[in-house]
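To keep things clear, I will list the structure first and then write my remarks on it.
Numbering (this note's numbering), first residue to last: 9 to 262.
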C-alpha cells in the first residue's frame with residue numbers, strides 16, 4: 009500500500025514538506041530494515057513513526073534542513089539496519105548498541121545526550137540527565153532510535169521534550185502491537201507489556217494509564233496524532249483482551 013504526503017498530513021498532521029521528502033525518498037540499498045520494501049514509507053507503524061517523529065522534532069524546534077539532511081537520514085537508517093539485524097538474531101543486543109554508538113560518534117553534536125544513552129543502555133540510567141525508559145522492558149525495544157537525536161545540538165529543556173514526545177509516540181504504538189500479539193508473544197516467550205503489567209485488573213489499568221499519558225503528551229505537540237490515540241483509546245478494552253487471552257489459555261488446558 010502507498011502512503012502519500014497528503015495521507016501523512018491529513019491523517020497524522022505531518023508537515024507537507026517533510027511528508028513529501030520522505031515518501032519520495034528511495035529505499036536505502038542493502039538495508040535489512042527495508043528488505044523487500046519498494047517504498048520508503050508504508051502505512052505500518054514501523055515506518056510511519058519515522059515521519060511522525062521527524063515532524064515532532066521539527067514542531068519542537070529542530071531545524072527542518074538538518075532533519076532532512078542526508079547525514080541525519082543515513083544515521084537513522086543505519087540504526088534501523090542494526091535493529092533489523094537484532095530482530096533477525098544476526099547480532100545480540102549488546103552488539104546492536106555498540107554498532108549504534110559507533111554510527112553516532114562521528115557525527116555527534118550532542119555528546120552529553122550520547123553519554124545519557126550510554127548510561128541508559130549500560131544499566132546505569134540513574135546517571136543520565138534525563139528520564140529514559142518506561143516501567144516495562146517491552147516498551148523500550150525501539151529506544152536505540154534515540155541515538156539519532158545525537159545528531160542535533162539542543163539544551164536540557166528541549167532534550168526532555170524530545171524524549172517525552174518519543175515515549176508518547178512509541179509507547180502507544182508498542183502497546184497496540186502488544187495487545188494484538190499477546191497470544192503469540194506468550195507462546196514464544198517474547199517481551200510484551202501486557203504480560204509484564206500482569207493479567208489482572210491492576211495490569212489493565214496500568215496499560216490504560218500509559219495510553220492516556222501518551223495522549224496527554226501528544227496533545228501538547230501534535231493534536232492530530234493525539235486524536236488518533238484518543239480514538240484508539242476509546243475502542244480498546246484492555247481488560248477484555250486480557251480476559252479473552254486467559255479464557256483461551258484455560259480452554260487449551262482442558
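By construction, the Cβ of each residue, glycine as well, lies at the ideal position given by its N, Cα and C atoms.
Nearest candidate by alpha-carbon position, reference residue i, set the options
i           : options            : result
residue 57  : 151, 97, 242       : 151
residue 158 : 65, 18, 254, 35    : 65
residue 90  : 183, 169, 111, 203 : 111
residue 120 : 168, 92, 77        : 168
residue 249 : 228, 71, 16, 215   : 215
residue 71  : 32, 25, 46, 52     : 25
residue 32  : 76, 220, 141       : 76
residue 220 : 206, 239, 36, 193  : 239
residue 42  : 113, 251, 92       : 92
residue 166 : 194, 23, 237, 229  : 229
residue 22  : 164, 231, 149, 189 : 231
Burial state of residue i (16 or more Cβ within 10 Å)
i           : result
residue 44  : exposed
residue 124 : buried
residue 131 : exposed
residue 107 : buried
residue 162 : buried
Residue j beta carbon less than 8 Å from that of residue i
i           : j           : result
residue 174 : residue 61  : yes
residue 156 : residue 87  : yes
residue 13  : residue 34  : no
residue 135 : residue 127 : yes
residue 140 : residue 133 : yes
residue 260 : residue 207 : no
Distance between beta carbons of residue j and residue i, contact taken as under 8 Å
i           : j           : result
residue 30  : residue 48  : 6 Å
residue 95  : residue 39  : Contact flag wrong, Cβ pair sits at about 13 Å.
residue 129 : residue 105 : 5 Å
residue 244 : residue 187 : 7 Å
residue 185 : residue 53  : 7 Å
residue 256 : residue 191 : 7 Å
Close Cβ partners of residue i (< 6 Å) along its chain, the five nearest in sequence each way excluded
i           : result
residue 171 : 138
residue 199 : 145, 146
residue 247 : 212
residue 51  : 9, 11
residue 55  : 49
residue 193 : 200
7 Å Cβ shell around residue i - same chain, five flanking residues per side excluded
i           : result
residue 115 : 79, 83, 159
residue 218 : 179, 183
residue 73  : none
Beta-carbon contacts of residue i that lie in its chain and below 8 Å, excluding the five residues immediately before and after
i           : result
residue 177 : 57, 60, 61, 64, 222, 226, 233
residue 101 : 94
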